[in-house]
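Everything on this sheet refers to the single structure shown next.
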Amino acid sequence: MIAEPNAASNLPSQKENAVHDETVPESAVQNGSCVRNGNLKTPREKRKVREQCENVRRNSSSSRRVSQLQNGEVVEAVTLFEVVSMGKQAMQSVVDDWVEAYKQDRNVALLDLINFFIQCSGCQGMVTAEMFQSLQKNDVMQKMTENFDEETGLQYKKFVAYPWILTVTWPVDMDNEDYPLIRTGPYWKKFKANFCEFIAVLVQQCQCSILYDSYLMDTIISLLTGLADSMVRAFRHTSTLAAMKLLTAVVSVYLNLDVNKHNAQRLYEVEKKRISGKRTNYRLDQLERKRKEYEHKLLEIQNMMNAIFKGTFLNRYRDVIPEIRATCIEEIGSWIKTYPDAFLNDSYLKYIGWMLYDKQAEVRLKCLLGLQGIYSRKELVSRMDLFTGRFKDRIVSMPLDKDHEVAVQAMKLLMLMSQNCEDALSAEDCETLYQFVYTTHRPLAVAAGEFLYKRLLSHEGDEEVQPKGGGKFGASTDHLKRLIRFFLESELHKHVAYLIDSLWDWAGKFLKDWECMTALLLKNAEEDGEELSDAHESVLIEIILATVREAAEGHPPVGRGAAKKILSVKEKKIQLEDCTKITEHFIMVLPQLLAKYSTDAQKVANLLQIPQYYDLDVYSTGHLEKHLDALLREVKDIVTKHSDISVLEASSRTYYVLCSEEIAIYSQVDCARTQLIDELMGQLNQLLDGFWQKEEGFCTDAGEISRMHSALRRVAAFHNAHNLTKWNLYDKTLRLLVFETEHGSLPVLMILPALQCTYFSLLWQLAAISENPPKETLFALGRELRRFCQICMCFLHHKEKDAFMILCDWLLILSHQDSNNNEEAVGLLNYLPSTPLQEKLLLFIQEHVFMEEEDESKDLTEEEERQDESCKLDDLHKKRSLLAAYCKLIVYNVVEMTAAAEIYKHYVKTYNDFGDIIKETLSRTRHNNKIQSAKTLILCLQQLFQRHAESQDSSSGVDFSSASFTNMKELARRFSLTFGWDQVKSRESVAMIHKEGIEFAFQGATGVDGKCLPPNLSFLLIISEFSNKLLKPDKRLVYAYLQRYIAEPLPCRGDEWQPLIWYRNSLLANEDEESSVLGGSGEWSPMGTPKMSSFKRKLSNGSLPDTSQTEAASKAPALQRASQLASATGKSRKRLKSREMHLQEHLPFLCPGGLRRRYCKDEIKTEDVSEEGQAEDVIEDVDVDVVGADQVIPARVFEL
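For the sequence shown, counting from 1, position 967 maps to 986 in my numbering; every step adds exactly one.
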């Protein structure tokens, strides 16, 4: 809402005189910040104001000389506004100077202060003051107006600021809603802080003298109250902020006076007792006068506070602008905390409670912050009972707020209420709030973790009074048992890491007490009367793993936090200390734990993940090799006992971590690993030898199948992380797979681990290729790679979907390998899937991901329903993995991009399950190739349209109201939304969609003399969903391309041509040339009349263009149309609807693309010429951010 600094200087003086009766000095016009006084009492006062205006004019030419360096120039602060803008270094002295000036001549000083508030609103206009005493009451009421002068283009406001009537005049350009308080950047943020500081300093410096003269504060309060009632946002916002800060400063003055009054009262009483026998005393009289003076000042301050509160706050706390509402709520919270005796009651608290329901997050946040300041003080909480009972439910629901910061502050407020308000929160409320520790937003989860820890896990005095029998771990043991109990009761068994992360900042002391945790696990029932149950032990082991991971990695778990946290030097030091502590403790304890729980797969799988967080150098530096031997023995024993894949992968990972060649224990671990693999391979070879001897009879023995399955799984788990090439595993597993493809008698349990072993063997062979390998080796390896692809394709029919995952990963690796930058090796080993293989992959996805499953409705128990829901979730997870694997092949150009069309068809229907995967695929493919991605989208819609047309009765035409057609339109709408707001970035893609759509819609149109309706014309309704993504010049290009299929008017009636009309309307939406296009004889012109856009641009210097009266009269209708631009769309649509019958009688002839040049050559040439002639007009019609873009980007899209 800020006009140009020289806006007033461009206004003719006669126009200004039309608004104001008094004569305006030229200096006042040249300097918009000058204050005029048109009706002061004495000639002396008039002369002073006139001299002030002349001084301001003289200083304006040299106002940037001293004081502060800004933009390379030295700037001198002349006005109060300039002082506040540049900083608060000299603010104290400037306020002192202003107070001295006020004492000499308060009228001039007050006018300077009034002008300061007007300038802070961003107004560079003029302020005129008239004396209130010289007017009658009726005139005063007439003066209090706010209007717009149409003749001058100025807006003015008149209001009473006792003892004046102020007239503020500003250009109409002030409505652009840009003023200092809402401007962005550090400079303007500093300005706002300086503005608030200036008001506080002003009140502070005036509190000992002129604050109580019944003149200064009355004028300021009248001014701010009048501006706060303005319809102009800048005035309203600035004056409200000033009034609220003024009341805050006055409250501080009141408190100081109240303290002085009580001191004076005590001195008076002491003095009175001391001289009780005497009749009179000068000291006593002096103290009495002083006390009465304080009481009088307090009364005046109270009146000021009431005037500001009732005149500004009560009107503005419900303002339409959220910033104003937030300011009011922020300050009332400050008043309540500063002066609770007056403000801490339900008459004021109710405003904060009401605004907790505000639609804007900023306002709700200020309410919560204000309440935190109140509830944090126990002496104030006792007076909040009624408020707490009335608004507690609202506060309890606010952690679910869509704004993250509001949710976090609501949780912190509830924490304070729980601490300082007894029984404020019920058990149900607390149970609800505890669950926020599992939320993905970490600040909210941490706040909920504090609430959980202080409310449930810890109690005051736990460290002093330890439970009986707890020993040295008494307090930690109690905390851990409460934590385990809470986790089990929450029934979210897969989220231990999130629970620990939420509690880490508050309960880190006992969460790092691994000695206590392991002691609980190793404790015998004889030592303590209470032993942990199996469920409690499982949870405790998960807690140990989560705490070890949190301490070693130092960042939150996956899904909570955008990226890994950058640790400070102190945090890194703590992390290293924790890693050392973990290593030193678990090196000795972990073998004991593995031995105790060696038969429990879940517990062992979690415990085996701990060694990857070791500081392995501790083994050698601490001479702890004997504990390493114990660990390796236990891991080997676990591998031979278990066939669970999680246990085997954890064991393999443990050997991989310990087998680092850089550490001293490598030889010891490598020897143990070799010994273990020898045993595993010996078992597998023995089973394979027995199989090849029995051949077909082998499959009948279930025990042999189970042993073979376990042996293959163990070897596959180790082959994933360790190179087993020297054991010649590839030939053994390949022979099994070939046998299955030839005979088909192997059980599924053997096929998957055999596939995995073969897959890992080939990967290790690829990784082992040297820089210059022999060609024979490359040929042999390439042959094996292709052979494995064929084998995987044969296994796609199995119910186990892992073969598909292996094949997708394998194809991705083969198509994106570098082979140590060896081009010859890349050429020999590179492999892209054939067309039949691509078809099989797509068919697999359609059958196993998008195939609808029949929902069998049965009467299930609650436990059965829970199990059924769990199975559905697992199945959905597998489907998402399959779809993601296939979409990666599309994104990385392993399969044709057109295959994505089949995936996109399910975008809307399966949005909840797979929408994120499909959307990401669409985004990545568009990034790779915009044109091809657009063709894939239109291909998807074309295939759906053809399927819909085939299902419809050919005689009745396309049913627009059918469910399938509606779904197509919705799918097209969703596709258009994926292009976002940047129309320039998506120009080519959207233009290609329209081009392909138009060609498909007119495909099959008859010859020149034919009048047959194109069979696919209804497809234009589908692509009309993309019209709003076209830029204005591109809409004209698309419309011109549509014209090429339309040669001349053709009489025709009926609703079957409606799609063409609707599509054309979508291209001409928001265009002023519609009336000219629709006019005439009903023919469609290729281009419209250029729109008058001069009035769209802002008037220079806030004034109207200097035109003659004749020109203004001739342009009045055009300007009137331009001012109604916002409603042009609705009106144009009404015009289109009223002419539909006329259009149907004169529809253009539909000409197929092949005959266009032969029969319409002359028309096309004319059209091209007209387009070139109007190019300049088109550019003028484009938005500012589009003019710089390449105006002919989509032109090549429409080349035939």
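The C-beta atom is built at its ideal place from N, Cα and C for all residues, glycine as well.
It should be emphasised that the depicted structure is a prediction, and the values quoted were computed from it without experimental measurement.
Beta-carbon within less than 8 angstroms of residue i's beta-carbon, same chain only, minus the 5 sequence neighbours each way: which residues are those?
i, result
"residue 1017", "1039, 1042, 1057, 1060, 1061, 1064"
"residue 286", "306"
"residue 1220", "With the chain covering only 20 through 1219, there is no way to say anything about residue 1220."
"residue 955", "916, 917, 919, 920, 923, 944"
By the 10 Å Cβ neighbour count, where 16 or more other Cβ atoms means buried, how is residue i classified, buried or exposed?
i, result
"residue 408", "exposed"
"residue 112", "exposed"
"residue 203", "exposed"
"residue 183", "buried"
"residue 293", "exposed"
"residue 1032", "buried"
"residue 765", "buried"
"residue 498", "buried"
"residue 668", "buried"
"residue 1093", "Interpretation of residue 1093 is limited by its pLDDT of 39, a score under 50 that renders its predicted location unreliable; no figure is taken from the coordinates."
"residue 738", "buried"
"residue 318", "exposed"
"residue 640", "exposed"
"residue 206", "exposed"
"residue 930", "exposed"
How long is the line joining the alpha carbons of residue i and residue j, rounded to whole angstroms?
i, j, result
"residue 550", "residue 542", "8 angstroms"
"residue 963", "residue 948", "23 angstroms"
"residue 461", "residue 506", "18 angstroms"
"residue 698", "residue 707", "14 angstroms"
"residue 656", "residue 465", "41 angstroms"
"residue 570", "residue 378", "41 angstroms"
"residue 526", "residue 373", "36 angstroms"
"residue 121", "residue 235", "9 angstroms"
"residue 703", "residue 757", "18 angstroms"
"residue 957", "residue 700", "55 angstroms"
"residue 392", "residue 352", "8 angstroms"
"residue 784", "residue 850", "16 angstroms"
"residue 211", "residue 233", "28 angstroms"
"residue 188", "residue 137", "10 angstroms"
"residue 261", "residue 1006", "48 angstroms"
"residue 128", "residue 463", "51 angstroms"
"residue 890", "residue 865", "21 angstroms"
"residue 208", "residue 117", "25 angstroms"
"residue 1054", "residue 1009", "10 angstroms"
"residue 646", "residue 638", "8 angstroms"
"residue 470", "residue 397", "18 angstroms"
In its own chain, which residues sit with a C-beta less than 7 angstroms from the C-beta of residue i, not counting the 5 before and 5 after it?
i, result
"residue 629", "564, 567, 605, 609"
"residue 590", "573"
"residue 926", "934, 937, 990, 993"
"residue 905", "827, 860, 864"
Using a Cβ-Cβ cutoff of less than 6 angstroms, which residues in the same chain neighbour residue i once the five nearest sequence positions on both sides are dropped?
i, result
"residue 359", "399"
"residue 643", "606"
"residue 423", "460"
"residue 594", "573"
**Asked** For the 8 angstroms Cβ check, are there 3 or more pairs between the stretch 908-928 and the stretch 878-885?
**Response** Segment contact: the stretch 908-928 against the stretch 878-885, fewer than three CB-CB distances shorter than 8 angstroms; contact not assigned.
**Request:** State whether the stretch 562-574 contacts the stretch 522-537, with contact taken as three or more CB pairs (one from each stretch) at a distance under 8 angstroms.
**Result:** In the pairwise beta carbon analysis, the stretch 562-574 is classified as touching the stretch 522-537: at least three pairs are separated by under 8 angstroms.
**Asked** Touching or not, the stretch 303-319 and the stretch 330-339, by the rule of three or more beta carbon pairs under 8 angstroms?
**Response** No, the stretch 303-319 does not touch the stretch 330-339.
**Asked** Is the stretch 334-348 touching the stretch 270-283, taking contact as three or more C-beta pairs under 8 angstroms?
**Response** Segments in contact, no.
**Sequence ranges, alpha helix (DSSP H) only - wholly within the stretch 623-688, length at least 4** = Annotation note: the stretch 623-688 contains the following uninterrupted alpha helix (DSSP H) runs of length 4 or greater, listed N- to C-terminal: 636-640, 644-660, 664-677.
**Touching by the beta-carbon criterion (3+ pairs, under 8 angstroms), the stretch 679-686 and the stretch 718-734** = A contact between stretches requires three or more CB pairs, one per stretch, nearer than 8 angstroms, and the stretch 679-686 fails this requirement with the stretch 718-734.
**Asked** Any chance the stretch 594-603 sits against the stretch 656-665, with 3 or more Cβ pairs inside 8 angstroms?
**Response** They do not touch, by the three-pair rule.
**Message:** Count Cβ pairs between the stretch 783-798 and the stretch 864-873 that sit closer than 8 angstroms; are there 3 or more?
**Reply:** Touching, no.
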